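Protein chains: 2
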Amino acid sequence: MVNLGVLVSGSGSNLQAIIDNIEAGRLDAQIKIVISNVPGVYALERARTHAIPSMVISHKEYKKREDFDQKLLEVLKTHEVELVILAGFMRIVTPVLLRAFPMRVMNIHPALLPSFPGTHVWQTEVDYGVKFAGCTVHFVDEGPDTGPIIIQAVVPVYDDDTADTLNARILKQEHKIFSQAIQLYAEGRLKVQGRRVLAEGIPQAPDSFMINPPVTIFER
Amino acid sequence: MVNLGVLVSGSGSNLQAIIDNIEAGRLDAQIKIVISNVPGVYALERARTHAIPSMVISHKEYKKREDFDQKLLEVLKTHEVELVILAGFMRIVTPVLLRAFPMRVMNIHPALLPSFPGTHVWQTEVDYGVKFAGCTVHFVDEGPDTGPIIIQAVVPVYDDDTADTLNARILKQEHKIFSQAIQLYAEGRLKVQGRRVLAEGIPQAPDSFMINPPVTIFER
């Protein structure tokens, strides 16, 4: 049973998926505390609905990022958190937090990293014209969206996609892979070698492929 | 029927796939000339075996890239080439060629662009720890591996992969998507909007996904 601290800034749909998977018995984890850096967000309401302790720590009350992270750290330690989950947490995390939780801070990013780090990824992807997009759960390191990759999901991008339709397609996969990454951690399967993360004892993914647009010439 | 000029620098396995698909009647295309910038490469032997005209134009005999490209251009025009195919051609193409063939130079890159442009991509991917890799056929523009994307294929990367095993897995897909891109061009289906390439009249790829490592929590 791993103790989670979940950091949020918004609606918390990934938080909800984790809550649902815990309640369904799919995750050997419990959420000890939900912390939002923004007051009034819906993620806090989700925590209350499920009787999960929650609080607001506004980054605006701290002059330096490090001071904000020190406060986060104190609260996480008080709640005996082992693994920190960034579920749509829109703040850069500093070494103050990362050095206290080495390879124990996980983030989800709505792109196939290392493609499309940063924000506004769906519109950027549509405009770039990529044929595949996806999402990535990774351990957080001191760079922006650069940490070791735990799990990824890939989906096609269609000619008529908008940022919204692409976001919706990716979000479905986010809700699965974040929980899967947490369970891999809970089972002690994640081994970090250099910047590779290996999942020990998990059957290999099928030797499959996807092509977009689809191949039609072999029908001739 | 579209007239192809194929530029090569090495063994030419993508050239072979195109030849095979033409001979099988899957491509409305003919190869008018194969040009290698390196003497003695196996791609030239493949052309001879299939009675396709071929020649060597060594870049070493030209002081400037533009002069080399001017010579390429002359030979391509002489052979009435409409679409230029870079099949493992290890030279940067200049505007001399690109402006004569606007959106009519195609390249294949063994990565899911915009991830991993450049060379030695397989080892870089393994070391980076990405869970998916792939290949991309794109129109060539004046940047390095930056042109509008026509088609992509994606495959998983396994924990025990080496550069060689990953290369082999990707190469299988390269051999399909390069021919498919050529046929989409031959059928007049490719519409470039900004930097997006739309494939008109082709059924949408299935609304599918792949996850790596695979999700096991829903089996609980």
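Sequence order for the protein chains is A and B.
Position in the first sequence (first residue = 1) + 25 = the numbering used here.
Position in the second sequence (first residue = 1) + 25 = the numbering used here.
C-beta: ideal position from N, C-alpha, C; glycine also.
Predicted model, so just to flag it, every value in this text is computed and none were measured.
Query, Result
"Relative to the alpha-carbon of B/T119, which residue among B/R90, B/T103, B/G143 has its alpha-carbon at the smallest distance?", "B/R90"
"What residue range is occupied by the uninterrupted beta strand (DSSP E) comprising B/I58?", "54-61"
"Cβ of A/D94 less than 7 Å from any chain B Cβ?", "no"
"How many Å lie between B/V130 and A/F114 at the Cα?", "43 Å"
"Tell me, please, whether the CB atom of A/V31 is closer than 7 Å to any CB atom in chain B?", "no"
"Go through its chain and collect everything with a Cβ distance to B/P13's Cβ below 6 Å, but skip five positions before and after it.", "For residue 13 of chain B there is no data in the structure shown, the boundaries of chain B being 26 and 245."
"Who are the neighbours of B/T241 on chain A, taking C-beta pairs under 9 Å?", "Q205, Q208, L209, I227, P228"
"Under 7 Å between beta-carbons, which chain D residues line up against B/P173? List them in chain order, please.", "Absent from the structure: chain D. Protein chains present are A and B."
"Starting from B/Q205, trace the alpha helix (DSSP H) both ways and give me its first and last residue.", "188-211"
"How should B/P181 be labelled, buried or exposed, when 16 other C-beta atoms within 10 angstroms of its C-beta is the threshold for buried?", "buried"
"Less than 6 Å between the CB of A/Q177 and some heavy atom of the ligand FMN, yes or no?", "For the ligand FMN, the structure offers nothing, since it holds no ligand at all."
"Quick check: is the beta carbon of A/V66 nearer than 7 Å to any beta carbon in chain B?", "no"
"Between which two residues does the alpha helix (DSSP H) harbouring B/F93 extend?", "90-103"
"Can you tell which of A/S61, A/P135, A/V151 has the C-alpha that lies nearest to the C-alpha of A/T144?", "A/P135"
"Check for me: the alpha helix (DSSP H) holding A/L123 runs from which residue to which?", "120-123"
"Which residues, taken in chain order from the region 44-64 of chain B, show a beta carbon closer than 9 Å to some beta carbon of chain A?", "N46, A49, G50, R51, L52"
"Under 9 Å between beta-carbons, which chain A residues line up against B/F157? List them in chain order, please.", "L137, F157, G159, Q177, A178, V179"
"Could you have a look at A/F126 and say whether DSSP puts it in helix, strand or coil?", "coil"
"Determine whether the Cβ of B/K201 lies closer than 7 Å to any Cβ atom of chain A.", "yes"
"Could you give the DSSP three-state label for A/I6: helix, strand or coil?", "In this structure chain A extends from 26 to 245, so residue 6 of chain A is not present and cannot be described."
"Whose Cβ in chain B lies nearer than 8 Å to the Cβ of A/S233?", "V180, P181, M235"
"Within 7 Å (strictly less), CB to CB, does B/Q198 reach chain A?", "yes"
"Could you tell me the alpha carbon to alpha carbon distance between A/G219 and B/A49, rounded to whole angstroms?", "46 Å"
"Starting from A/R221, trace the alpha helix (DSSP H) in both directions and tell me its first and last residue.", "That residue, A/R221, is in no alpha helix (DSSP H); its beta strand (DSSP E) goes 221-224."
"Evaluate the contact criterion for the region 223-237 of chain A versus the region 171-185 of chain B: three or more CB pairs, one atom per stretch, below 8 Å.", "yes"
"So, with DSSP's three-state summary, where would you put B/A158?", "strand"
"Report yes or no: is there a C-beta of chain B within less than 7 Å of the C-beta of A/L215?", "no"
"When you compare each of A/K102, A/E86, A/Y210, A/G35 to A/F164 by their alpha carbons, which one comes out closest?", "A/Y210"
"Since B/F164 sits in a beta bridge, which residues does DSSP pair it with?", "B/M131"
"With DSSP as the reference, identify every bridge partner of B/G30, one or two as the case may be.", "B/I58, B/V109"
"Would you identify the three-state DSSP class for A/Q229, choosing helix, strand or coil?", "coil"
"Is the beta carbon of A/L40 less than 7 Å from the beta carbon of A/A68?", "yes"
"Report the partner residues of B/I236 according to the DSSP bridge assignment.", "A/A178"
"Is any beta-carbon of chain A found at less than 7 Å from that of B/L223?", "yes"
"Is there a Cβ from chain A that is less than 7 Å from the Cβ of B/D166?", "no"
"So for B/S79, helix, strand or coil by DSSP?", "strand"
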